[in-house]
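Remarks on the structure that follows.
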Amino acid sequence: MKHFECPVIGRRPAPEFICSGGSVGILLMEDGDAAREALFFGDATARVKREWWYHKPSRLWFVFERDTATDFVHSIELATKVSPDERV
Amino acid sequence: MSLRLLKYALNPQYAEPRFFNTPDAPRDSYDVVIIGGGGHGLACAYHLAAEHGIKRVAVIERGYLGGGNTGRNTTIIRSNYLTPEGVLFYKRSVELFESLSDRLDLNLFYSNRGHFTLAHSEATLRTMRWRAEVNKHYGVNSELVSAADVKKACPQIDLQCGGNHPILGALYHAPGSIARHDAVAWGYARRASQLGVDIFQHTAVTGVEVSAGRVVAVNTSKGRIATGKVVSAVAGSTPTVLKMVGLKSPVDIVPLQACVSEPMKAWLDSIIVSGSLHVYVSQTARGELVMGASVDPAELHSTRSSLEFVTSLADQMLDLFPFLAGVKIVRQWAGMADMTPDFAPVMGKTEVGGFYLDAGWGTWGFKATPVCGETMAFTVAHDTNHRLIEAFGTERFRRLAMLGEKGAASVGH
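Protein chains in written order, with my numbering: chain H, 1 to 88; chain P, 89 to 501.
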């Protein structure tokens with residue numbers, strides 16, 4: 001079975017996690033057009049992206065940096081580390 | 089093989105012509121360039137040539153014909169969708185499918201089986217009543233049936249599902265069918281080629297030239313092709329092609345896996361789908377069980393298959409059919425599904441003049457092949473969205489006018 005090496009909770013089986021996808025950052029809702037644009041349109045080509053992952057047993061949210069061409073996970077960090085200035 | 093068959097096979101008098109012409113290099117210009125030689129692109133080429141008199145058409149395929157999602161799906165054809173737009177669209181597709189073997193003069197092994205979507209909860213039954221009523225309203229044959237009806241059509245099923253999630257009833261859709269998917273692509277390719285369409289396999293599109301907001305040319309590994317109209321029908325490569333014309337993507341790419349069992353004696357006539365168990369299964373004319381599940385858990389641009397998929401699918405299948413425990417899986421594969429947020433396609437004209445999109449086919453594209461060919465060809469020929477695809481434009485996301493097909497398009501999301 002596939003496992004993830006997490007710096008916080010150690011080596012865990014992949015099915016314990018749920019990929020919530022999306023883009024990491026704060027979505028500003030003041031400008032409706034820009035928010036819709038950010039929600040529904042983006043770069044969806046193969047790339048290294050930062051995305052939200054949820055670990056069910058520990059109920060912790062993480063940010064994975066993952067290559068969507070190879071499925072290789074470059075880094076895992078706690079979602080609380082995300083800067084409040086990071087924008088979607 | 090009988091000697092008589094061998095005699096005909098080797099006799100040059102009965103030489104079977106190639107299915108389609110394979111010119112060495114494209115011409116300098118075409119009226120329409122279609123990117124993607126799957127069922128959708130080839131059907132569009134056929135309809136352009138056959139119904140709109142547009143025969144200077146090139147189909148550009150990076151791999152081989154039908155080698156993408158056309159040849160990777162589980163071949164189910166049905167029209168029991170949830171939204172009025174979806175029901176009318178897929179209803180037309182099933183109509184076209186029913187006479188497609190005649191039209192293409194090729195036996196597609198179109199086989200009408202009847203399609204059961206199982207309900208394991210009261211909530212699912214409610215959605216099914218809703219689907220049945222929408223279907224009936226638009227003239228599509230769907231009805232809610234009891235668990236006993238399921239057992240009658242498929243005596244091998246365990247209605248208790250091992251006691252974990254008993255079957256309470258099902259949505260029965262009599263027109264549900266299967267067909268040979270590769271034959272669909274090849275049949276369209278042959279007809280299109282006979283009408284003058286040029287098909288290029290192993291030819292990569294490297295860029296699309298846009299000038300003053302309009303498409304002017306397509307660059308390929310076999311040279312530049314000047315054209316005023318480009319159709320993108322590339323499923324998992326949609327974000328890449330959209331980037332070439334400077335458009336952002338409303339679809340994400342997620343692998344969808346499937347597998348087949350070793351051949352068995354014919355026992356399963358119906359198509360059985362369970363949203364709660366995340367599985368669907370039918371039996372081919374060769375006796376193999378074709379089985380699929382929900383998409384992989386995360387975005388990925390790859391056609392790799394995984395052991396996790398096949399073990400979890402087997403686990404669920406055995407709840408439905410415990411007697412399959414000793415049956416072997418012989419092949420598994422994956423396709424790159426272009427998923428939209430609302431599980432409906434994105435089709436038609438775009439912000440770039442002369443650039444037409446046929447995408448967002450996620451896990452529901454094969455059954456739409458003929459109607460996509462018909463409606464996209466109309467849209468390209470008239471530069472006006474066909475009425476059946478008016479609701480499928482990308483601008484619906486900006487207006488938040490979603491077409492919620494999640495409950496009817498696929499399983500387990």
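Idealized CB from N, CA, C, for every residue including glycine.
No experiment lies behind these values; they were computed from the predicted model shown.
- Here the region 158-173 of chain P makes contact with the region 257-271 of chain P; the two share three or more CB pairs at distances below 8 angstroms.
- Here Lys-240 (chain P) is exposed: its Cβ has fewer than 16 other Cβ atoms, across all protein chains shown, within 10 Å.
- Of H:Trp-52, H:Ala-35 and H:His-3, the smallest CA-CA separation from Arg-487 (chain P) is found for H:Ala-35.
- Asn-195 (chain P) carries a coil assignment under DSSP once its states are collapsed to helix, strand and coil.
- Judged by DSSP secondary structure, Leu-153 (chain P) falls outside any alpha helix (DSSP H); it is assigned neither H nor E.
- Under DSSP, Ile-341 (chain P) forms a beta bridge with P:Asp-426.
- About 16 angstroms separates the beta carbons of Phe-4 (chain H) and Val-48 (chain H), which is beyond the 8 angstroms limit, so they are not a contact pair.
- Shown here, Lys-224 (chain P) sits in a helix according to DSSP, grouped into three states.
- Look at the beta carbons and you see the region 150-161 of chain P not touching the region 463-472 of chain P: under three pairs across the two are nearer than 8 angstroms.
- Here Asn-307 (chain P) is not near Gly-316 (chain P), since their CB atoms are 8 angstroms or more apart.
- Taking the Cα of Ala-321 (chain P) as reference, the smallest distance to any Cα among P:Phe-443, P:Leu-388, P:Ser-349 and P:Ser-394 is reached at P:Phe-443.
- For Phe-397 (chain P), the secondary structure class from DSSP, reduced to helix, strand or coil, is helix.
- Under the 8 angstroms Cβ criterion, the region 322-339 of chain P counts as touching the region 441-455 of chain P, having at least three qualifying pairs.
- Measuring C-alpha to C-alpha distances from Pro-385 (chain P) to each of H:Gly-22, H:Gly-10 and H:Cys-6 identifies H:Gly-22 as the nearest.
- In the DSSP secondary-structure assignment, His-203 (chain P) is bridged to P:His-261 and P:Ile-359.
- When Cβ-Cβ separations below 8 angstroms define contact, Pro-57 (chain H) makes no contact with chain P.
- Around the beta carbon of Phe-411 (chain P), fewer than 16 other beta carbons lie within 10 angstroms, which makes this residue exposed.
- The Cβ neighbour count for Lys-437 (chain P), taken over all protein chains shown within 10 Å, is at least 16; the residue is labelled buried.
- Listed in chain order, the non-local C-beta contacts of Pro-57 (chain H) below 6 angstroms within the same chain comprise Glu-16, local neighbours out to five positions each way being set aside.
- Leu-39 (chain H) has its alpha-carbon roughly 35 angstroms from the corresponding atom of Ile-313 (chain P).
- With respect to chain H, the C-beta atom of Lys-239 (chain P) has no partner C-beta closer than 8 angstroms.
- When DSSP assignments are scanned along the region 363-389 of chain P, the uninterrupted stretches of beta strand (DSSP E) that are 3 or more residues long and fall wholly within it turn out to be 367-371 and 377-381.
- Between Leu-283 (chain P) and Ala-137 (chain P), the C-beta spacing is below 8 angstroms.
- Residue range 326-332 is occupied by the alpha helix (DSSP H) that includes Met-332 (chain P), with no beta strand (DSSP E) assigned at that position.
- Taking all protein chains shown into account, Asp-430 (chain P) has 16 or more neighbouring C-beta atoms within 10 Å of its C-beta and is therefore buried.
- Residue P:Arg-144 holds the alpha-carbon nearest to the alpha-carbon of Val-120 (chain P) among P:Arg-144, P:His-140, P:Pro-114 and P:Tyr-134.
- CA-CA distance, Val-298 (chain P) to Gln-289 (chain P), rounds to 24 angstroms.
- The region 202-217 of chain P and the region 360-368 of chain P touch, with no fewer than 3 CB-CB distances between them shorter than 8 angstroms.
- The three-state secondary structure of Pro-57 (chain H), taken from DSSP, is coil.
- Selection P:Lys-416, P:Ser-390 and P:Thr-391 evaluated against Thr-399 (chain P) yields P:Lys-416 as nearest (Cα-Cα).
- Within chain P, no C-beta atom comes less than 8 angstroms from the C-beta of Met-29 (chain H); the nearest is roughly 13 angstroms away.
- Nearest C-alpha to Phe-454 (chain P) among P:Asp-426, P:Glu-439, P:Val-440 and P:Phe-466: P:Asp-426.
- The beta carbon of Cys-19 (chain H) sits closer than 8 angstroms to some beta carbon of chain P.
- Cβ proximity to chain H below 7 angstroms picks out Pro-327, Thr-328, Lys-331, Lys-336, Ser-337, Pro-338, Val-339, Asp-340 and Ile-341 from the region 317-342 of chain P.
- The beta carbons of Tyr-226 (chain P) and Val-175 (chain P) sit about 5 angstroms from each other, so the pair counts as a contact at 8 angstroms.
- Neighbours of Arg-36 (chain H) in chain P, taken as residues at a C-beta separation under 9 angstroms, are given in chain order as Phe-485, Arg-486, Arg-487 and Leu-488.
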